[in-house]
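What follows is a single structure, written as C-alpha cells, with notes after it.
Numbering (my numbering), first residue to last: 5 to 943.
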C-alpha cells in the first residue's frame, strides 16, 4: 500500500467487482507500489502485437523506470487501475492529467490522457469497456472532464471501445495516429450503452449457472441420505445432458463411482472443465472447496450449505468472506443456504436442487428467495392440474437462499431474453436495489408479465439478506412497482392464480366481461367480484342446470363473438341426472369454442367439480401418470390450467385455466386487465415538458449558496419561496403575527380578505381542530378571531399565528417529493386532511414524471372524484395541478441536493391553484449508483 507523504490516501472506494461480457467476474482496484511483480508478470503474458499497439513501437519488456512509473500514483493527477482474476492482473488502464499543450499538469487542468492494455487471453470479454467506465468515474471525481487517447489505426478493437462508449466525442487523424477526445459527463447514450452491457453480462452469468455443460456435486456422502447425496441423485434422475461428477474427499482412493456417477476426492482430480459446482459441505469446509474450484476454473457455485448470515453476526462475516473469495476467481454464487436451481429445457434437464421431482418443461420462470416458499410454489403449480409438469410447468427455477451474490435482478436480466420463458413469478423477501429492480422490471414487463409477491412486508428483511434501508413504507414501494408494470399480489395463491392465466390466455383488450354458466348464484357472485375488481361485467347469463355441452359451446361462442365483450368467465357446478353433461364433453365444448376466438381470455369457475378439473388439465396434464407417479407432492385439487390432451394441442394453443372460487378467478382477470392497460400506456409514456420560465442556473446558484453554510438544512420561508419561484411555483406568503397589532399590519399589507392560522406543530394543517379562521373581511373580524384563538389555544408564542391572503375556494391537496437512499426520488400526491391520511390514500411516481404520469397520478387516488365535480361541485383545475406536479418533479430531478419538498396545503380552484404552505430541505446529493460504473454489490 502506498504511504509516501506526497501521495493521497489509498482510495479503497474505487475497488469494485464487475460482471464481464461472458458472465465471469473480475475485480477492479487501484494499482499500488506493491504491484510491481504482478505488473511485470502481466506484461510478460501480453503478445508483442498488443505491446506494439500500446507503445507504438516494439516494447518486449518493462524497464525498472517503467515499472516505477506504472505503479507509483498520486491518485489525483496520475491514476492506474487493474482488473484482476485470482489476484493476478488481466488488464490495466491509466490516466495522466495534461494541460492545454499536452504536457503533464495538475489541478485545475481538466483533461487527461488515457491508455489501456489487456492480456490477449482476456480480450473480447469486455474488460476494457468495464475499465473505461471505472476510470471515467474516477476522473470525474478528481475534477477531470475530458479524456484524450491516441490509438494506432490498426488497433480497431481499442478504437471500438472508445467509440462504442456513448460519450460525446471528437476524432482526428494526424501523423499516422487516431486521436480521440471525449467528454466524461454521462449522456443518455452512454447510460444506455452501460445498461445494455450490464444486461448482457448479468444475463450471461445466470445462463452459465442454469445451463452448464458439466456439474460437480461436492459433498456427496458415501452413504445414502444427506443433502449432497440427494442433490446428486436428483441431477442424475432428471437426465442431466452434461457430464456429472461426485466429489468427496473422504472417498477411498480405489472408489471411482458413486451411484453410477464418476467419483473423485477433489475437483482437481476431474479430467476436463467443470462449469458448475454444487457445494454441500459444512460451512467451515467451504473456503477450501472454493479455492479448489477457483483453481480448476469452475465458472459458478450453488452453495446449499447453511451456517451463514442467517445464523447471526459470525455467519454474516463468513458469508462476506465467501463472496469475496469466489469473486477473486471470477465465479458467481447462488446462495448460500440455497434450495437450488432447476432448468427443464430438454437441452439441459438440470435439477440441481433438493426437489425430488423435476418439473416437465413449461413457460413460467420461478424465483424464490426462500427454499420453503419455493417448495410451496412448485407444489401449488402441481396441484393446479399438475401444472409443474406440463404446458403449465416451469422453464427455470431459482431459489437463491441468502442471495449473497446472484439476486432477483440478475435472474430478471436472464429471463428478459429467455425464449423459453413467457411469464415470470417471483417471491421476494427483500429488494437489495429497488432503483435497479424497478428499471429492470419496467423493461421486462414491457415484454412479458412479471408477477411479484413480497414477504416480510411489515418487518425487517430476513437475517441472511444484506440490503440497504429504505424510508419508504411498503405501500409506497408497492405503488412504485406497479408503476413499473409489476403485477403485485399478496399471497402465493394469488401468484399462481395470476401466473396460470397469464401463461395460458391472451391479455384482455378491455374491462368488459361476459359471465355465463349453469348456476345463477355462482354467476351473481362472479358479477359482484368483477365490480369489486374494477371490471365492467355484463349481466350473468344463466344456462340453467339442464344445460348440455352444446349449450355451453353455443353460449361461449356467442359471447366471444360479441364486440362488446373483452373476456369471458364460465361458471359451472356439478349437474345431477341421467342427461347431465359429462366433464370431458364440457371441457371439449369449452375448448373448441375458445379456440375459435383466441384473442379473448376465457376462465372457468367451478365448485367441487373434480372431473371437469381433470378433464381441463388432461390436455397436458402435467401430473405423472398413476403407474409411474413417485412424487411426494400432494394430489391435484379441483383446479387446472389446460384444456385438451397434449397430443392434440397445437403449438401455442391457449389452455383454459380453472379456479375453485369466483373471487380468485376474477382477481386474476383484474390483474391481467390492469397489466394490459399498463402495456398500452407504456408504449407511449409521455414526455417531461420544458417550461420557459424555469431558471435552473439561478436555482443552482441559490442552492450552492445555502449549502455552503452547512451539510443539510430546512430552508426558511423566504428561501423556500425564492427557490420554488425559480421553477414557477408561487407560494402565498404568510406573515408572522406575534401580536394582534402585528396581525392587523400584516393584513393591511396583504389586503383583505385574509386568513389567520396557528402554525404550532400540533395545530399546523389541522383545520379540524379550529386553529384556522378564514375569510376575515376587515380588521374588526381579524382582532376578534385573534382573541378567540389565543383564548382557546394559549399565548401567541405557543400558537405561532400567521396572516395570509385568502385564496379562492377549492379542493385542498398535498404534494410531496423525497429522495429515498434505496428507491431514488419519489413524487407523492393526495388530498389534504385526516381522512386521506388515515386511509393511506396517496399515490406515488418515480421522478422524473412525464405529463402522462402526472395525469394518471392525479386520477389514481380513491378520492379523485372530489377533483372532478363530485355530487355537482365545480370541477377543479386539474391541468394546473398536473403542471405543479411536473414543476416539482423537474426541480428535484434537476437538483439532487433538494432531498425533500412539501407543498401543503395546495388549494385547487376551478381556475388555477394556490400554494399556501411549503417547506424544502437541502442536503449534499446522495450517491447515484445507477449513474456510476457497473459494479456488483460490495462485500
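Beta carbons: idealized from backbone N, C-alpha and C, even for Gly.
Shortest Cα-Cα distance from residue 938 to any of 109, 837, 132 and 712 involves 132. Contact annotation: residue 527 and residue 546 have beta-carbon atoms nearer than 8 Å. In this structure, the alpha-carbon of residue 732 lies about 29 Å from that of residue 781.
Taking 3 residues as the shortest admissible run, the stretch 70-144 contains the following complete beta strand (DSSP E) segments, listed from N- to C-terminal end: 82-89, 92-102 and 115-122.
The Cβ atoms of residue 901 and residue 926 lie closer than 8 Å to each other. Cβ contact annotation for residue 738 (same chain, cutoff 6 Å, sequence separation greater than five): 806 and 808, in chain order. Sequence-distant partners of residue 426 (beyond 5 residues in either direction) whose C-beta falls short of 7 Å from its own C-beta, in its chain, are 367, 452 and 507.
With fewer than 16 neighbouring CB atoms inside 10 Å of its own CB, residue 700 falls in the exposed class. The C-alpha of residue 347 lies about 49 Å from the C-alpha of residue 818. Within the stretch 201-288, the runs of beta strand (DSSP E) at least 3 residues long that lie entirely inside it are, in chain order, 218-222, 247-251, 265-268 and 280-283. Contact between residue 490 and residue 454 is confirmed by a C-beta separation of about 5 Å, below the 8 Å threshold. Residue 939 carries a coil assignment under DSSP once its states are collapsed to helix, strand and coil. Less than 8 Å separates the beta-carbon of residue 114 from that of residue 148. Taking C-beta atoms as the reference points, residue 287 and residue 311 count as a pair closer than 8 Å. Distance from residue 671 to residue 537 at the Cβ level is roughly 6 Å; contact confirmed, criterion being Cβ atoms closer than 8 Å.
Residue pairing for residue 904: DSSP places it in a beta bridge opposite 822 and 925. Spanning the alpha carbons of residue 73 and residue 277 requires a straight line of approximately 39 Å.
Distances from the CA of residue 268 to each of 295, 301 and 222 were compared; the closest alpha carbon is that of 222. Along the length of the stretch 332-396, whole beta strand (DSSP E) runs at least 3 residues long occupy 336-338, 344-347, 354-357 and 365-372, reported in chain order.
Annotation: the continuous alpha helix (DSSP H) that includes residue 500 extends over 496-508. Here the stretch 839-851 does not lie against the stretch 664-681, with fewer than 3 beta-carbon pairs under 8 Å apart. Apart from sequence neighbours up to five positions away, the residues of its chain that approach residue 796 with a beta-carbon distance below 8 Å are 774, ordered along the chain. Taking each of 212, 905, 249 and 322 in turn and checking the Cα distance to residue 725, the smallest one comes out for 905. One alpha carbon belongs to residue 21, the other to residue 109, and they sit about 31 Å apart. Residue 546 is bridged by DSSP to 521. Contact between residue 224 and residue 232 is confirmed by a C-beta separation of about 4 Å, below the 8 Å threshold. One Cα belongs to residue 329, the other to residue 503, and the distance between them is close to 38 Å. For residue 691, the three-state secondary structure derived from DSSP is coil.
By the neighbour-count criterion, in which 16 or more other beta carbons inside 10 Å mark a residue as buried, residue 202 falls on the buried side.
Taking a cut-off of 8 Å for Cβ pairs, the stretch 331-342 and the stretch 243-258 do not touch, as fewer than three such pairs fall below it. In this structure, DSSP gives residue 731 a state outside helix and strand, which the three-state scheme calls coil.
Burial state of residue 695 is exposed, judged by a 10 Å Cβ sphere holding fewer than 16 other Cβ atoms.
Secondary structure at residue 739: strand, using DSSP grouped into helix, strand and coil. Residue 173 places its beta carbon 8 Å or farther from that of residue 189.
In this structure, 205 is the residue among 590, 205, 293 and 239 with its C-alpha nearest to the C-alpha of residue 421. Apart from the 5 residues on each side of it in sequence, residue 859 sits with its Cβ closer than 7 Å to the Cβ of 886 in its chain, given in chain order.
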